[in-house]
Structures are given as C-alpha cells and as structure tokens.
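Report on the following structure.
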Amino acid sequence: MDEHLLLVAHGSRDPRHAATVRALTRRIRSTRPGLRVGTAFLDFDSPSVREELARMADGGAQAVVVQPLLLSRAFHAKHDLPGALRRAPAPLAVRQGGVLGPHPLLTAALERRLSEAGLGPHERATTGVVLAAAGTTDPDAAAVLAGIARTWQGSGWSAVRPAFASAGLFPRTEDAVRALRAEGVRRVAVAPCVLAPGRLPDRIAAGAAAAGADVLGGVLGAAPELARLVLLRHDEAVARARALAV
Numbered sequence: 036m037d038e039h040l041l042l043v044a045h046g047s048r049d050p051r052h053a054a055t056v057r058a059l060t061r062r063i064r065s066t067r068p069g070l071r072v073g074t075a076f077l078d079f080d081s082p083s084v085r086e087e088l089a090r091m092a093d094g095g096a097q098a099v100v101v102q103p104l105l106l107s108r109a110f111h112a113k114h115d116l117p118g119a120l121r122r123a124p125a126p127l128a129v130r131q132g133g134v135l136g137p138h139p140l141l142t143a144a145l146e147r148r149l150s151e152a153g154l155g156p157h158e159r160a161t162t163g164v165v166l167a168a169a170g171t172t173d174p175d176a177a178a179v180l181a182g183i184a185r186t187w188q189g190s191g192w193s194a195v196r197p198a199f200a201s202a203g204l205f206p207r208t209e210d211a212v213r214a215l216r217a218e219g220v221r222r223v224a225v226a227p228c229v230l231a232p233g234r235l236p237d238r239i240a241a242g243a244a245a246a247g248a249d250v251l252g253g254v255l256g257a258a259p260e261l262a263r264l265v266l267l268r269h270d271e272a273v274a275r276a277r278a279l280a281v
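According to the working numbering, the sequence shown is numbered sequentially starting from 36.
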C-alpha cells in the first residue's frame, strides 16, 4: 500500500507563508521519495484539509497520516485540525501525527538558522538567545516554549529567554532583548520559533531591530532538521496505528 502524508500548516494572507510550506514539502519528498506528500492549510490558503483529503481519496489513498506543521499543542492543534479531520472522506483512514515541538531536531533547526545568520559556535557562551514565538494564551503551549528555552540554555548559551509576537502577550521580542542587555549579556541573538514568514514573524524581526539585537535568525522553513522531524512524527503515527491493529 502506498504511504500518504498530508502536511497541514496554519496558512496566512502573506504569500511567502505558502511558498515556504511548499518548499518544506519538496524537501520531505526528496528525503523520502516513496512517500506521497500533500499540503493543506487551516486558513487563508488553499487547498483546505477537507479538499486535499478528498483529492487523496479520489486518487486511491486508503490511509493517510495528517501531520500538523504546528510547533505546540495550542488552539489550532487541539480544535481546528481535529474539527477539519472530522469532515474527512468516510473511506479514508486518517492518523494524526503529533505536533513538532519539543524535540532536539527542532532545536537543531533553530541553531542552524542562527549559524546561517553569522553566529559562530565559539560565541555560544557569551550569547543570550531570545526564543521568539508567535505566542498563545494556551498554558500547555506556553509551557512547551518555556521548556525549550530551559533545555536550550543548558546546552551552553549564556541565557535563553522566551518571547512572543502576538498582541497582548509579554514579554515581546524587544522586551526580552533589552532584559538580556540589562543582565549584562554581551551578545543577543533572536531565534524565531516560527515555521514561515508572515505578519507575526515580521513583528519579531521588527522587535529585534528596534532593540538592537546583534543576530536575527531566519524562520525554520525547509530546514533539513525540520524535514527529518516531520518524517519522525509520521513514522510514530504509523507505528501507533500498527500497534493498535495488533
């Protein structure tokens, strides 16, 4: 039986978002050529989850792993995606993969982007990092980001602080950069913990510039570590389904 994987991203009015998601899709296809990979969006972009699942079913798919391109279990993972999956075509067996974070491969992708932005490994001990996410009021998702920051700081950075781009959530990126400066951190880097460009990632970049951050990493995008993490979540979902079938 052919293996099918459907990547589900949030979606954005910014066309860079969908273009970046599709670049990640291409990397995953090239990493595992035997896997049939589709892309869908929860909002703004097309196809929708229902439309892409229907297309896969019409093409002969019998089972598909639906993998959220979401970094934590916030509202979209807990409510929007399960709601969309309830409208899947009846003959199609749908297995939902876990969210991407936390995982060492996610941290490795963040480090790759900081390295590409010019931060050398010898600068680790004298650099404070602002781990800047879109932000959510969901306490589970906020705890995941705080946990990633604590674990990452233990790998040798001078300090790692979480920050948020969504309106009304604090600290903002610029607040966290200034707080690290006030603590005497010599160099401050901002690591956007976001999948693709858009309004909130632009807000992270603006906050980093306003506070005078020394380094700004790129969005996660089609980082090879992220592609490997997606495939790991796919394999975990398949293994769970097989275990239940025994």
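Ideal Cβ placement from N, Cα and C applies to all residues, glycine included.
Taking the alpha carbon of Gly-233 as the point to measure from, which residue in Leu-41, Phe-79 and His-39 has its own alpha carbon closest? The residue given as residue 233 occupies position 198 in the sequence shown. When each option's Cα is compared against that of Gly-233, the closest is Phe-79.
If we call anything under 7 Å between Cβ atoms a contact, is Leu-40 one with Val-100? Locating residue 40 in the sequence shown gives position 5, counting from the first residue. Locating residue 100 in the sequence shown gives position 65, counting from the first residue. Using a Cβ distance threshold of 7 Å, Leu-40 and Val-100 count as a contacting pair.
Here's the rule I'm using: 16 or more other beta-carbon atoms within 10 Å means buried, otherwise exposed. How should Glu-260 be labelled? What you label residue 260 is simply residue 225 of the sequence shown in a count that begins at 1. Result: buried.
Arg-85 to Ala-125 span [Cα, whole Å]: On the sequence shown, position 50 is the one that residue 85 refers to. On the sequence shown, position 90 is the one that residue 125 refers to. About 11 Å.
Can you name, in chain order, every residue of its own chain whose Cβ lies under 6 Å from the Cβ of Leu-180, other than the five neighbours on each side? Here residue 180 is taken as the residue at index 145 of the sequence shown, counted from 1. Answer for Leu-180: Ala-168 and Pro-197, listed in chain order.
Cβ of Ala-184 within 7 Å of Cβ of Gly-252? In the sequence shown, the residue the question calls residue 184 occupies position 149. In the sequence shown, the residue the question calls residue 252 occupies position 217. Taking 7 Å as the Cβ cut-off, Ala-184 and Gly-252 do not qualify as a contacting pair.
Take Ser-190 as the anchor and find which of Gly-163, Ser-201 and Leu-266 has the nearest alpha-carbon. By one-based count along the sequence shown, residue 190 stands at place 155. Here the closest residue by C-alpha is Gly-163.
In the DSSP output, what is Glu-38 paired with across the bridge? As a first step, residue 38 must be located in the sequence shown, where it is residue number 3. Bridge partners of Glu-38: Leu-70.
Which residue marks the beginning of the beta strand (DSSP E) containing Gly-163, and which one marks its end? Here residue 163 refers to the residue found at position 128 when the sequence shown is read from its first residue. From DSSP, the beta strand (DSSP E) with Gly-163 extends over 162 to 168.
Paired residues, beta bridge with Leu-251 - DSSP: For the purposes of this step, residue 251 is taken as the residue at position 216 of the sequence shown. Val-225.
If distances are taken between C-alpha atoms only, which option among Ala-119, Leu-215, Ala-214 and Pro-227 comes closest to Leu-149? Sequence index remark: in the sequence shown, residue 149 carries index 114 (1-based). Comparing C-alpha distances from Leu-149 to each of Ala-119, Leu-215, Ala-214 and Pro-227 shows the shortest one belongs to Pro-227.
Flag this pair as yes or no: are the beta carbons of Gly-46 and Arg-268 separated by less than 7 Å? Residue 46 sits at position 11 when you count from the first residue of the sequence shown. Residue 268 sits at position 233 when you count from the first residue of the sequence shown. Not a contact, by the Cβ cut-off of 7 Å.
Is Ala-160 near Ala-258, with beta carbons less than 7 Å apart? Locating residue 160 in the sequence shown gives position 125, where the first residue counts as 1. Locating residue 258 in the sequence shown gives position 223, where the first residue counts as 1. Against a cut-off of 7 Å, the Cβ pair of Ala-258 and Ala-160 comes out as no contact.
If we count the other Cβ atoms within 10 Å of its Cβ and call it buried at 16 or more, is Pro-65 buried or exposed? Reading the sequence shown from its first residue, position 30 is the one you call residue 65. Strictly speaking, residue 65 in this sequence is Ser, with Pro absent from that position. When all chains shown are included, Ser-65 counts as exposed.
In the DSSP assignment, what are the bridge partners of Arg-207? The sequence position of residue 207 within the sequence shown is 172, counting from 1. Partner(s): Phe-199.
Roughly how many whole angstroms lie between the Cα atoms of His-52 and Ala-231? Along the sequence shown, read from residue 1 onward, the residue named residue 52 stands at position 17. Along the sequence shown, read from residue 1 onward, the residue named residue 231 stands at position 196. Cα to Cα, the separation comes out at about 5 Å.
Give me, in chain order, the residues of the same chain whose beta-carbon lies closer than 7 Å to that of Gln-188; leave out the 5 immediate sequence neighbours on both sides. Numbered from its first residue, the sequence shown carries residue 188 at position 153. Within the same chain, and ignoring the five residues on either side of Gln-188 in sequence, the residues whose Cβ sits closer than 7 Å to its Cβ are Ala-194 and Val-195.
Arg-90 versus Arg-67 - alpha carbon distance: In the sequence shown, residue 90 corresponds to position 55, counting from 1. In the sequence shown, residue 67 corresponds to position 32, counting from 1. Near 21 Å, if we compare the C-alpha coordinates of Arg-67 and Arg-90.
Arg-221 versus Leu-154 - alpha carbon distance: Within the sequence shown, residue 221 is the residue found at index 186, counting from 1. Within the sequence shown, residue 154 is the residue found at index 119, counting from 1. One Cα belongs to Arg-221, the other to Leu-154, and the distance between them is close to 13 Å.
Since I believe Ala-248 is in contact with Arg-130 (beta carbons under 8 Å), could you give me their beta-carbon distance rounded to a whole number of angstroms? Here residue 130 refers to the residue found at position 95 of the sequence shown. Here residue 248 refers to the residue found at position 213 of the sequence shown. About 41 Å separates the CB atoms of Arg-130 and Ala-248; that is not less than 8 Å, and the two are not in contact.
With a threshold of 7 Å on Cβ separation, who are the neighbours of Ala-245 within its own chain once the five nearest residues in sequence on each side are excluded? Position 210 of the sequence shown, counting from 1, holds the residue named residue 245. Apart from the 5 residues on each side of it in sequence, Ala-245 sits with its Cβ closer than 7 Å to the Cβ of Glu-209 in its chain, given in chain order.
Residue range of the beta strand (DSSP E) that Ala-128 falls in? In the sequence shown, the residue the question calls residue 128 occupies position 93. Per DSSP, Ala-128 belongs to the beta strand (DSSP E) from 128 to 131.
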